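Engineer: Pasting a structure below so you can have a look.
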DNA sequence: ACCGCTCTTGACCATCTGATCAAGAATTAA
DNA sequence: TTAATTCTTGATCAGATGGTCAAGAGCGGT
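Residue numbers (our numbering), protein chains in the order written: chain F, 28 to 239; chain E, 28 to 239.
Okay, structure coming up:
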C-alpha cells in the first residue's frame with residue numbers, strides 16, 4: 028500500500044507520466060475542446076498506450092479537470108498582484124501588459140478556458156462562482172476605491188476587468204481570426220499591447236468632463 | 028426534376044423545413060459546438076427524423092456550414108455601416124452600441140462563431156481571409172484617415188476593431204463567467220454598454236498628450 | 001535473490017453516431 | 001383520377017470511442 032498513512036505519495040514514474048499526460052492533454056483539449064478530443068489522441072501525443080493513460084486517470088473527464096485545475100491558478104496570478112497601495116494607472120497598465128503577455132506565451136491555457144466557459148463552464152462553474160468571484164470582487168473594490176478618490180475615471184470596475192480580460196485573451200482565443208485579418212507580423216503582440224494600454228488607460232485617466 | 032433549367036426552385040415544404048433545421052442547428056451548435064452536437068439532437072429539436080433531416084442536408088457538416096453562412100452576413104452588418112462621412116466619435120460609439128446589442132439579442136450567433144474560430148476556423152477560414160479581411164481593412168483605413176486628420180487619438184485601427192469585437196462579444200461568449208461573477212442584474216448590458224463606450228471612446232478622443 | 005507492488009498492454013466490449021437504403025406516404029401537376 | 005415527384009421513416013451498417021480486464025513485465029525494498 029501507500030507508504031505512510033493517508034498521504035498517497037507518488038512514485039517517480041507516476042509523477043513523470045502524470046506530467047506528460049497533463050502536458051499532452053493541454054495541447055489536445057485546447058485545440059479540439061473536450062468533446063472533440065479523444066483519449067487515444069492524448070495517449071499517442073505523450074507516447075503512452077490508451078489503457079496505460081487510463082491507469083493514471085480513470086476517466087477522460089478526470090484528465091480534463093486535472094488540466095483545468097493545473098492551469099487555473101497561474102492564469103489568475105496577474106490579477107492577484109493588483110496592488111491597492113500602488114499607483115492606479117500604473118497598476119492597471121501593468122495588469123494589461125501581464126495579461127496580454129500570458130495570452131502570447133500560453134495561448135493554449137487561454138483557449139482551454141475559453142472553450143470551457145463557452146460551453147457553460149460545466150467543469151469549473153463552482154470555481155467561477157466561488158474563488159474567482161471573490162477575487163474579482165476584491166479587486167473591483169480596490170478599483171472602486173481609486174475611483175472614489177478621484178484617481179481614476181468613473182467606470183464600472185467589474186466591467187473594466189471584463190474589458191481587460193476580453194481584449195487581452197482575444198489574441199489567444201481568436202488567433203485564427205486575428206491572423207486572417209492582419210497576418211502574423213512580428214510586432215503583432217507589441218502593437219496590441221500598445222493599443223490596448225493606450226485605449227483603456229486613456230479612458231481611465233481622470234480629467235475634466237469636457238476636453239478639446 | 029426541378030421545374031426550370033439549372034435553378035433548383037424550392038418547394039414550400041423544403042423552405043419550411045430548411046428554416047426549421049437551421050434554427051434548431053443554431054441552437055444546438057452554438058451550445059455544444061460542432062463535435063459536441065449530434066444530428067439526432069438537431070433532428071429531435073426541430074421535430075424531424077434523422078434520415079429526414081439528412082434528406083435536406085446530406086452531411087452534418089453541410090448543416091453547420093449553412094448555419095454559419097446564414098448568420099455571418101447579419102453579424103457583420105454594423106461594421107459595414109461605419110460611415111466615413113460621419114463624426115468619428117459618434118460613429119465608433121454607434122458601432123460599439125450596435126455590437127453589444129447584437130451580443131445581447133443574438134448570443135447564439137456569437138457563440139457559434141466563437142467556437143468556430145476558437146477551433147481554428149476550419150469551415151470559414153477562407154471567408155476570414157477574404158471578405159472579412161477586406162471589410163476590416165477598408166474600415167481600418169477610414170479610421171486611419173480620421174486619425175491622420177487629428178480627429179481621433181492615434182491608435183492602431185485594426186487593434187481598435189479587435190478591442191471592440193472582444194469587449195462586446197465577451198458578454199455573449201463568456202456569459203457563464205460574467206454571470207458567475209456579477210450575476211445577471213437587469214442592468215447588466217446597459218452597464219456594460221456605458222462602461223465600454225466610456226472606456227474606449229475616452230481613449231479615442233484627441234487631446235493634449237498630458238492632462239491632469 | 002526474493003516478493004509484493006506498480007506499471008503496461010493486447011484484446012475486447014458496449015455504446016454512440018454519422019450515414020445509407022429501400023419502401024411506403026404525401027404532395028403536386030396534368 | 002393518375003402518374004410523377006417529393007417527402008418520410010424504420011431498419012441497418014460501419015467506424016469511432018470511452019472504458020474494462022486479465023495477464024505479464026518491471027521496479028523497489030529487504
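The beta carbon of each residue, even a glycine, is placed where N, CA and C say it ideally should be. Only a predicted model underlies this, so the values are computations on that prediction, with no experimental measurement involved.
Skipping 5 residues on each side, what residues in its chain have a beta carbon closer than 6 Å to that of residue 200 of chain E?
Structural biologist: Around residue 200 of chain E: 137, 138 and 141.
Engineer: Express the C-alpha separation of residue 124 of chain E and residue 45 of chain E in angstroms, rounding to a whole number.
Structural biologist: Their backbone Cα atoms lie some 32 Å apart in a straight line.
Engineer: From residue 37 of chain F to residue 80 of chain F, what does the alpha carbon distance come to, in whole angstroms?
Structural biologist: Taking the straight line joining both Cα atoms gives about 16 Å.
Engineer: Using only the alpha-carbon positions, how far apart do residue 95 of chain E and residue 105 of chain E sit?
Structural biologist: Residue 95 of chain E and residue 105 of chain E: Cα-Cα distance of roughly 17 Å.
Engineer: Relative to chain E, which residues along the segment 210 to 227 of chain F have a C-beta separation below 8 Å, given in chain order?
Structural biologist: Flagged, chain order: 218, 219, 221, 222, 223, 225, 226 and 227.
Engineer: Counting only beta-carbon separations shorter than 8 Å, does residue 83 of chain F have a partner in chain E?
Structural biologist: No, because no Cβ of chain E sits closer than 8 Å to the Cβ of residue 83 of chain F.
Engineer: Measure the alpha-carbon distance for residue 174 of chain E versus residue 181 of chain E and round it to whole angstroms.
Structural biologist: Whole-angstrom Cα-Cα distance: 6 Å.
Engineer: Do you know how far the Cα of residue 42 of chain F is from the Cα of residue 49 of chain E?
Structural biologist: Distance between the alpha carbons of residue 49 of chain E and residue 42 of chain F: 48 Å.
Engineer: Which residues in chain F have a C-beta closer than 7 Å to the C-beta of residue 135 of chain E? List them in chain order.
Structural biologist: Chain F residues near residue 135 of chain E: none, gap ~12 Å exceeds 7 Å.
Engineer: For residue 76 of chain F, I'd like the list of residues in its chain whose CB is within less than 8 Å of its CB, leaving aside the five on either flank, ordered along the chain.
Structural biologist: Closer than 8 Å at Cβ, skipping near neighbours: 70.
Engineer: Where residue 226 of chain F and residue 220 of chain E are concerned, what is the direct C-alpha to C-alpha distance, given to the nearest angstrom?
Structural biologist: Going from the Cα of residue 226 of chain F to the Cα of residue 220 of chain E covers about 16 Å.
Engineer: Using alpha carbons as the reference points, say which of F:156, F:114 and F:90 lies closest to residue 203 of chain E.
Structural biologist: When only C-alpha atoms are compared, the closest one is F:156.
Engineer: Should the segment 142 to 161 of chain F be regarded as contacting the segment 163 to 173 of chain E, the criterion being three or more beta carbon pairs within less than 8 Å?
Structural biologist: These segments do not touch.
Engineer: Three Cβ pairs or more, each shorter than 8 Å: is that satisfied between the segment 143 to 154 of chain F and the segment 105 to 114 of chain F?
Structural biologist: Contact fails: fewer than three Cβ-Cβ distances are below 8 Å.
Engineer: Going by C-alpha to C-alpha distance, which of E:222, E:178 and E:56 sits closest to residue 184 of chain F?
Structural biologist: Nearest option by C-alpha distance: E:222.
Engineer: Indicate whether residue 194 of chain E and residue 190 of chain F have their beta-carbon atoms separated by less than 8 Å.
Structural biologist: In this structure, residue 190 of chain F lies closer than 8 Å to residue 194 of chain E by Cβ.
Engineer: Here's the rule I'm using: 16 or more other beta-carbon atoms within 10 Å means buried, otherwise exposed. How should residue 130 of chain E be labelled?
Structural biologist: That one is buried.
Engineer: What do you get for residue 82 of chain F, buried or exposed, if any count of 16 or more other CB atoms within 10 angstroms of its CB means buried?
Structural biologist: Residue 82 of chain F comes out exposed.
Engineer: Measuring CB to CB, does residue 62 of chain F end up less than 8 Å from residue 62 of chain E?
Structural biologist: In contact: residue 62 of chain F and residue 62 of chain E (Cβ atoms closer than 8 Å).
Engineer: Given that residue 183 of chain E touches chain F, what residues does it touch there, using C-beta distances under 7 Å?
Structural biologist: Per Cβ cutoff of 7 Å: 218 and 222.
Engineer: Under 9 Å between beta-carbons, which chain E residues line up against residue 100 of chain F? List them in chain order, please.
Structural biologist: Correct list: empty, because the minimum Cβ distance to chain E is about 17 Å.
Engineer: Take residue 98 of chain F as the anchor and find which of F:151, F:163, F:214 and F:117 has the nearest alpha-carbon.
Structural biologist: If we check each option's Cα against that of residue 98 of chain F, F:151 comes out closest.
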